[in-house]
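**Student:**
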Amino acid sequence: MPLPRRHGLFTLGAIEFAGAELGISGLGFEFALALCFNVLAGQILEKILAHHITRNFNKSCFAAPLSTIIRRRRHKYMDLFEAIEKRYSYRGAFKAEPIPRAHLKMIVQAGLQAPSARNAQTTNFIIVDKPELLKAIGGLHPNNLAMQQAKAMILCLIDRQPEPVYEGYSFQIEDCAAATENMLLAITALGYASVWIDGWLRCHNHAEVIGRLLHVPKDKVVRVLLPLGVPAEAGARKEKKPFPERAWFNGFGLPEA
Ligand SMILES: Cc1cc2nc3c(=O)[nH]c(=O)nc-3n(C[C@H](O)[C@H](O)[C@H](O)COP(=O)(O)O)c2cc1C
Numbered sequence: 003m004p005l006p007r008r009h010g011l012f013t014l015g016a017i018e019f020a021g022a023e024l025g026i027s028g029l030g031f032e033f034a035l036a037l038c039f040n041v042l043a044g045q046i047l048e049k050i051l052a053h054h055i056t057r058n059f060n061k062s063c064f065a066a067p068l069s070t071i072i073r074r075r076r077h078k079y080m081d082l083f084e085a086i087e088k089r090y091s092y093r094g095a096f097k098a099e100p101i102p103r104a105h106l107k108m109i110v111q112a113g114l115q116a117p118s119a120r121n122a123q124t125t126n127f128i129i130v131d132k133p134e135l136l137k138a139i140g141g142l143h144p145n146n147l148a149m150q151q152a153k154a155m156i157l158c159l160i161d162r163q164p165e166p167v168y169e170g171y172s173f174q175i176e177d178c179a180a181a182t183e184n185m186l187l188a189i190t191a192l193g194y195a196s197v198w199i200d201g202w203l204r205c206h207n208h209a210e211v212i213g214r215l216l217h218v219p220k221d222k223v224v225r226v227l228l229p230l231g232v233p234a235e236a237g238a239r240k241e242k243k244p245f246p247e248r249a250w251f252n253g254f255g256l257p258e259a
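Position in the sequence shown (first residue = 1) + 2 = our numbering.
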């Protein structure tokens with residue numbers, strides 16, 4: 003890496019000074035030394051820059067692909083409350099943009115981090131990003147564009163006969179719901195959209211058909227499916243009832259004191 007002219011002149015001046023101090027002079031000598039200094043300083047500077055760039059690159063993106071970095075940079079700092087507010091069920095078209103595996107892993111990691119009763123961590127996850135499988139699953143839901151055009155799907159599995167984990171109770175549905183909501187928020191925070199597909203899975207054997215496609219063991223069932231992608235349009239948002247209609251301090255239905 004050649005040094006800027008300014009540095010070259012500075013080096014030359016320094017050499018001239020050193021040469022005068024030592025009683026040596028001559029333009030050839032000065033020039034040769036300056037050249038050595040320049041090359042040496044250039045190499046050092048290059049090493050420092052390379053180290054700095056590599057360190058920051060690894061720190062900021064955990065070695066993810068460039069598209070991932072750009073997207074994550076854009077969305078990395080979405081506040082939790084902003085993600086909660088922005089999340090909504092999207093059933094519309096998706097852009098052609100693929101979802102990098104690094105993002106799919108981040109989203110599922112958010113699901114893995116969710117609370118579960120007695121920390122039993124009962125929910126399993128299958129991530130689908132193979133086009134043939136996406137087509138086969140999406141084709142089962144002709145009324146839902148998001149299902150048909152999903153660039154990836156995340157499925158949550160629970161046991162068909164959940165074991166009790168506390169006082170004879172099992173909590174696999176709650177565990178699965180907590181993981182699902184965590185993932186929906188992560189999906190939103192990364193700029194994607196999705197919809198919680200659950201009721202549909204239970205109708206017309208859809209969960210069974212999908213389970214067979216994905217080699218799900220017989221003792222497990224697909225309980226939630228999240229189709230995801232970059233939304234191509236603004237979907238319809240549902241109104242939420244205001245706070246005082248559903249939530250109260252210190253007793254059901256009490257006005258705030
Ligand atoms: C347990 C559960 C099951 C759901 N099942 C389906 C479903 O099968 N198909 C669907 O299109 N949406 C389904 N949804 C999404 C709801 O319809 C949606 O969350 C609701 O209308 C509120 O809209 P919002 O998500 O935009 O706030 C489900 C949501 C939950 C929590």
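Virtual Cβ for every residue (Gly too), placed ideally from N, Cα, C.
#1: Skipping 5 residues on each side, what residues in its chain have a beta carbon closer than 6 Å to that of D131?
#2: Using 8 Å as the Cβ pair cut-off and three pairs as the minimum, do the segment 107 to 116 and the segment 135 to 152 touch?
#3: Considering only heavy atoms of ligand 1, list every residue whose Cβ is less than 6 Å from one of them, following chain order.
#4: G231 to K97, Cα distance in whole Å?
#5: Decide if N207 is buried, meaning its Cβ has at least 16 other Cβ atoms within 10 Å, or exposed.
#6: Please tell me whether, using a cut-off of 8 Å, the distance from the CB of I189 to the nearest non-hydrogen atom of ligand 2 is below it.
#7: Considering only C-alpha positions, which residue in the set R93, D161 and A234 is nearest to V223?
#8: Pick out the complete alpha helix (DSSP H) segments inside the segment 153 to 222, 4 residues or longer, and give them in chain order.
#9: On the DSSP bridge assignment, give the partners of L228 in chain order.
#10: Quick check: the Cα distance between G255 and I139, rounded to an integer number of angstroms?
#11: Return the chain-ordered list of same chain residues with a C-beta closer than 8 Å to the C-beta of V110, the five sequence neighbours on each side being excluded.
#12: In angstroms, rounded to a whole number, what distance separates the CA positions of K220 and I101?
#13: Just list the alpha helix (DSSP H) runs in the segment 92 to 159, keeping only unbroken ones of 4 residues or longer that don't cross its boundaries, in chain order.
#14: What did DSSP end up calling P246 once you bin it into helix, strand or coil?
#15: Between which two residues does the alpha helix (DSSP H) holding E258 run?
#16: Over what stretch of residues does the alpha helix (DSSP H) that includes K240 continue unbroken?
#17: To the nearest angstrom, how far is the alpha carbon of L82 from that of T190?
#18: Under 8 Å, with one C-beta from each stretch per pair, do the segment 228 to 247 and the segment 84 to 98 reach the 3-pair mark?
**Tutor:** Answer, in terms of the structure:
#1: The residue labelled residue 131 in the question sits at position 129 within the sequence shown. The residues are A154.
#2: no
#3: Y90, S91, R93, V197, W198, I199, D200, G201, W202 and K240
#4: As a working mapping, residue 231 is identified with position 229 in the sequence shown. As a working mapping, residue 97 is identified with position 95 in the sequence shown. Roughly 7 Å between the two C-alpha positions.
#5: Here residue 207 refers to the residue found at position 205 of the sequence shown. Exposed, by the Cβ-count rule.
#6: Here the bound small molecules are ligand 1; ligand 2 is not part of this structure.
#7: As a first step, residue 223 must be located in the sequence shown, where it is residue number 221. With distances taken between Cα atoms, V223 lies closest to D161.
#8: 174 to 191, 201 to 204 and 208 to 215
#9: Here residue 228 refers to the residue found at position 226 when the sequence shown is read from its first residue. L228 pairs with I156.
#10: Counting from 1 along the sequence shown, the entry for residue 255 is found at position 253. Counting from 1 along the sequence shown, the entry for residue 139 is found at position 137. Going by the C-alpha atoms only, they are around 44 Å apart.
#11: Here residue 110 refers to the residue found at position 108 of the sequence shown. Around V110: F127, I129, I156 and M185.
#12: Numbered from 1 along the sequence shown, position 218 holds the residue referred to as residue 220. Numbered from 1 along the sequence shown, position 99 holds the residue referred to as residue 101. Cα to Cα, the separation comes out at about 30 Å.
#13: 103 to 114, 133 to 140 and 147 to 151
#14: Taking the first residue of the sequence shown as 1, we reach residue 246 at position 244. Three-state DSSP puts P246 in a helix.
#15: Here residue 258 refers to the residue found at position 256 of the sequence shown. Element bounds for E258: n/a, residue is neither H nor E.
#16: Locating residue 240 in the sequence shown gives position 238, where the first residue counts as 1. Premise fails: K240 is in no alpha helix (DSSP H) and is neither H nor E.
#17: Position 80 of the sequence shown holds residue 82. Position 188 of the sequence shown holds residue 190. Cα to Cα, L82 sits roughly 10 Å from T190.
#18: yes
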